[in-house]
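Residue numbers (the numbering used here): 17 to 531.
Only one structure is covered here, and it is reproduced in the block below.
Next up, the structure:
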């Protein structure tokens, strides 16, 4: 679609632009971008959509000048217009922090803007408030924050910079639903007259904010470019073909034959199931240093459970999983598969853990070796290792990347690799921390279906998630974590009723406030 057709006018000045971009990552089979051109006029809000790993984040980095300025990647372009004033929010918030403490990180931003020291405290306090990062004091270690809280801190940094052009790479992926609403509300206000380029999978939250959607296929080619309503209406088949998120995709999936078959199998299994206990937890606590960060009065996990762990950012969800995996110091009674658990050695062969940050668990230099590592360590013959690893890579859509270093993958691909590597051998319990973050629709559904297949065989799935649709369509139980404690155990239906009632109440309050 031409600029004129989008209502920009033939002479609209570009805020960021790249013409005939050609880019290739070392070790990859071919070009990621082959003569790609895109221009973004000043003030426009653009959403980049496409399947996981198609190059959306890389394109953002090129248009911001990070590639090749700070990240050395072979590329050529006839023209590259980088904004003079820009701010970038990475998928992984840890990638952009320079200082160890919250206040120091934000002060560092202000120092680079030559803000007087006496004015900093008020500006920092205001940025933290707008980003909804509520801390007892600002001088706290960044390492002590949850990933969601770190994401809010990164957003606070951008608010202080107040750039002319905002590059946002999944800015709310690690946030709970309430935090997502709050952050986008803030961005809408402060960036109303700014240029914004967004990569985001939670598109229903922002579809009314953007005025242009650029749709990519799996080979990083632009297949649609125009107003959101036109792109979603005219290219519905492309969204389905490439497994890209679109409004109503969950409802379509729930009505599909593949989900219907899954649901009928689950119903038959539950009718024939007998109550069992895989894990038992009583007066159980997890600690960071001397501070108790999570407490469970009493609970149990049964074979074939799918427990969705929900709660606000910083409530202690990740800490709960780390405690169950014995990655931090714990106290209390905890048994798994009839065996008392006192440390990691007591659980290593029975449970697998998938970190929120997948890079924390990579130990080899290739995608293939990462999945094969556990099999080789357990003494499998190399022929069997090759067969099992290849099958796992095929299932998770990683076969074409088998020779790549894990760090060369997109974040969504890294998360799929972390699940494949952790679960390549059968485990009694899988602990997963936000495994669907950064995934497109196709890979999200494939991953959930793989977890369901393991669950149907008796594996217990304990999964931290902020996605109510996963609770609705896959969970069998819900653990709600509040302020460092397992506060409630609910059925998915009961949790969703509360969730929807809360959302309606907040919508009424916002409507009253705006009237």
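Ideal Cβ placement from N, Cα and C applies to all residues, glycine included.
For residue 124, the secondary structure class from DSSP, reduced to helix, strand or coil, is helix.
Residue state for residue 85 is assigned as helix, using DSSP reduced to three classes. Residue pairing of residue 57 in beta bridges, as defined by DSSP: 30. In this structure, residue 370 keeps its C-beta atom at 8 Å or more from the C-beta atom of residue 494.
Two segments are said to touch when three or more pairs of C-beta atoms, one from each, lie closer than 8 Å; by this definition the segment 137 to 155 touches the segment 184 to 201. A straight line joining the alpha-carbon of residue 45 with that of residue 303 spans about 46 Å. Between residue 508 and residue 484, the alpha-carbon positions lie close to 9 Å from each other.
Within the segment 471 to 523, the complete beta strand (DSSP E) runs of at least 3 residues fall at 476 to 480, 493 to 498 and 501 to 506. Following the DSSP letters along the chain, one finds residue 368 inside the beta strand (DSSP E) bounded by residues 367 to 370. Residue 403 has its alpha-carbon roughly 53 Å from the corresponding atom of residue 153.
Taking C-beta separations shorter than 8 Å and ignoring five residues to either side along the sequence, the partners of residue 463 in its chain run 412, 432, 435, 451, 452 and 455, following chain order. When DSSP assignments are scanned along the segment 87 to 157, the uninterrupted stretches of beta strand (DSSP E) that are 3 or more residues long and fall wholly within it turn out to be 95 to 97 and 102 to 105. DSSP places residue 321 in the coil class of the three-state scheme, outside both helix and strand. Taking C-beta atoms as the reference points, residue 58 and residue 31 count as a pair closer than 8 Å. Only residues of its own chain outside the window of five on either side were considered, and among them 384, 387, 388, 391 and 440 have a CB closer than 8 Å to the CB of residue 405, listed in chain order. Under the three-state reduction of DSSP output, residue 327 falls in the coil class, being neither helix nor strand.
Residue pairing from DSSP places residue 445 in a beta bridge opposite 367 and 476. Contact annotation, residue 214 with residue 226: C-beta distance approximately 7 Å; criterion of less than 8 Å satisfied. Collapsing the DSSP output to three states places residue 339 in a helix.
Collapsing the DSSP output to three states places residue 260 in coil. Look at the beta carbons and you see the segment 109 to 119 not touching the segment 65 to 73: under three pairs across the two are nearer than 8 Å. With fewer than 16 other CB atoms across the displayed protein chains lying within 10 angstroms of its CB, residue 305 is exposed. Residue 230 and residue 83 do not touch by the CB rule: their CB atoms are close to 18 Å apart, not below 8 Å.
Within 10 angstroms of the beta-carbon of residue 273 lie fewer than 16 other beta-carbons, which makes it exposed.
Remark: C-beta atoms of residue 447 and residue 478 approach each other more closely than 8 Å. Residue 263 is not a Cβ neighbour of residue 203, given a cutoff of 8 Å. Using a Cβ-Cβ distance cut-off of 8 Å, the segment 357 to 370 and the segment 335 to 344 are in contact, since at least three pairs of beta carbons, one from each stretch, lie closer than that value. Distance between residue 423 and residue 166, taken at the CA atoms: about 21 Å. Under the DSSP assignment, residue 431 falls in the alpha helix (DSSP H) whose first and last residues are 427 to 438.
Note that the C-beta distance between residue 420 and residue 43 is below 8 Å. Contact annotation: residue 192 and residue 482 have beta-carbon atoms nearer than 8 Å. For residue 228, the enclosing beta strand (DSSP E) has its first and last residue at 228 to 232. Cα atoms of residue 129 and residue 367: separation of roughly 49 Å, rounded to the nearest angstrom. Contact between residue 109 and residue 170 is confirmed by a C-beta separation of about 4 Å, below the 8 Å threshold. In the DSSP annotation of this structure, the continuous segment of the alpha helix (DSSP H) that includes residue 403 starts and ends at 398 to 411. Taking the CA atoms as reference points, residue 350 sits about 7 Å from residue 295.
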